[in-house]
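**Student:** Numbering of the sequence shown is given in the working numbering, commencing with residue 78 and proceeding in unit increments.
Below is a structure I'd like to ask you about.
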Amino acid sequence: MDTTLINILCLILLVLGMLGTFLPVLPGLVLSICGLLIYKFGTDADLPMIYIWAFGILTVVSVVLSYVIPAKTNRKYGGTRWGSIGSIIGTIVGIFIPIPLGFLIGMFAGVFIGELLHDSKDMNKALQSTKGAFIGFIYGTGFSLVVGVAMFLVVVLDMLNII
78 MDTTLINILC LILLVLGMLG TFLPVLPGLV LSICGLLIYK FGTDADLPMI YIWAFGILTV
138 VSVVLSYVIP AKTNRKYGGT RWGSIGSIIG TIVGIFIPIP LGFLIGMFAG VFIGELLHDS
198 KDMNKALQST KGAFIGFIYG TGFSLVVGVA MFLVVVLDML NII
């Protein structure tokens, strides 16, 4: 395959990976790491292996953090297991609702409803738990996006022979 086509494919995967950090229909950093690997091994790139290892580790860390951070911030803001379960169910349901950002709306609605099912009299606690889930989502997504942008920049800079 032509090197130019491989480079274009890599850049497309890297961009889709960055979009996937906040759109759940795309596998996020998995696409980015695939683009990085295809670039490294599908072309005659001089990209050092340390980048492959570092981004591989950061991708695994990001996947773990995407589950841990929202749960921790949910708990920090007074959330319970009910809210965590509601978050998962709401996200899954939200993916299939044909509205913009349905997954996000579903996640927050799931946390809120889950907390209300746990304690229907404490709406403030449910709102605080939802706030915690939102903050956790921002932290996790932000970390993943930074890693995705860094992968993109490393590949582009290597293509331009800057690194």
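Just so it is clear, CB atoms sit at the ideal spot from N, CA and C, and this is done for glycine as well.
Under 8 Å by Cβ, that's how I've got G187 and G94 pegged, so tell me the actual separation to the nearest angstrom.
**Tutor:** In the sequence shown, residue 187 corresponds to position 110, counting from 1. In the sequence shown, residue 94 corresponds to position 17, counting from 1. With 8 Å as the limit, G187 and G94 do not qualify as a contact, their Cβ atoms being about 26 Å apart.
**Student:** Let me know the secondary structure DSSP gives G155 once reduced to three states.
**Tutor:** In the sequence shown, the residue the question calls residue 155 occupies position 78. Coil.
**Student:** Could you give the uninterrupted runs of the alpha helix (DSSP H) lying entirely in the stretch 121–203, keeping only those of 4 residues or more?
**Tutor:** Whole alpha helix (DSSP H) segments, 4+ residues: 126–153, 158–173, 179–195.
**Student:** Look at the alpha carbon of G183 and the alpha carbon of L108, and state the distance between them as a whole number of angstroms.
**Tutor:** Working through the sequence shown from its first residue, we reach residue 183 at position 106. Working through the sequence shown from its first residue, we reach residue 108 at position 31. Each residue's Cα considered, the two are about 24 Å apart.
**Student:** In whole angstroms, give me the CA-to-CA distance for C87 and V145.
**Tutor:** By 1-based counting over the sequence shown, the position of residue 87 is 10. By 1-based counting over the sequence shown, the position of residue 145 is 68. Rounded to the nearest angstrom, the two C-alpha atoms are 30 Å apart.
**Student:** Among I174, T80, F99, whose alpha-carbon lies nearest the alpha-carbon of V223?
**Tutor:** Numbered from its first residue, the sequence shown carries residue 223 at position 146. When each option's Cα is compared against that of V223, the closest is F99.
**Student:** What separation, rounded to the nearest whole angstrom, lies between the Cα atoms of L230 and T218?
**Tutor:** Position 153 of the sequence shown, counted from the start, is the residue given in the question as residue 230. Position 141 of the sequence shown, counted from the start, is the residue given in the question as residue 218. Straight-line Cα distance between these residues: approximately 18 Å.
**Student:** How should W159 be labelled, buried or exposed, when 16 other C-beta atoms within 10 angstroms of its C-beta is the threshold for buried?
**Tutor:** Here residue 159 corresponds to residue number 82 of the sequence shown, with the count starting at 1. Buried is the call here.
**Student:** Leaving out the 5 sequence neighbours to the left and right, which residues in its chain are closer than 8 Å to L115 when beta-carbon positions are compared?
**Tutor:** Here residue 115 refers to the residue found at position 38 of the sequence shown. As written in the sequence, residue 115 is Ile, which differs from the Leu given in the question. Around I115: I83, L86, C87, L90.
**Student:** Measure the alpha-carbon distance for A210 versus D123 and round it to whole angstroms.
**Tutor:** Indexing the sequence shown from 1 puts residue 210 at position 133. Indexing the sequence shown from 1 puts residue 123 at position 46. Approximately 42 Å between the Cα atoms of the pair.
**Student:** Check the C-beta distance from F220 over to L142 and give it rounded, since I have them as a contact under 8 Å.
**Tutor:** Numbered from its first residue, the sequence shown carries residue 220 at position 143. Numbered from its first residue, the sequence shown carries residue 142 at position 65. With a Cβ gap of about 6 Å, F220 and L142 count as contacting.
**Student:** At what residues does the alpha helix (DSSP H) containing G94 begin and finish?
**Tutor:** Translated into the one-based positions of the sequence shown, residue 94 becomes position 17. It spans 80–97 - the alpha helix (DSSP H) in which G94 sits, taken as one unbroken run.
**Student:** Are the CB atoms of F180 and P101 within a distance shorter than 8 Å?
**Tutor:** Sequence index remark: in the sequence shown, residue 101 carries index 24 (1-based). Sequence index remark: in the sequence shown, residue 180 carries index 103 (1-based). Yes. Within cutoff.
**Student:** Let's see if you can read the secondary structure: which residues bound the alpha helix (DSSP H) around V107?
**Tutor:** For this step, residue 107 is matched to residue 30 along the sequence shown. Where V107 is concerned, the enclosing alpha helix (DSSP H) stretches over 106–119.
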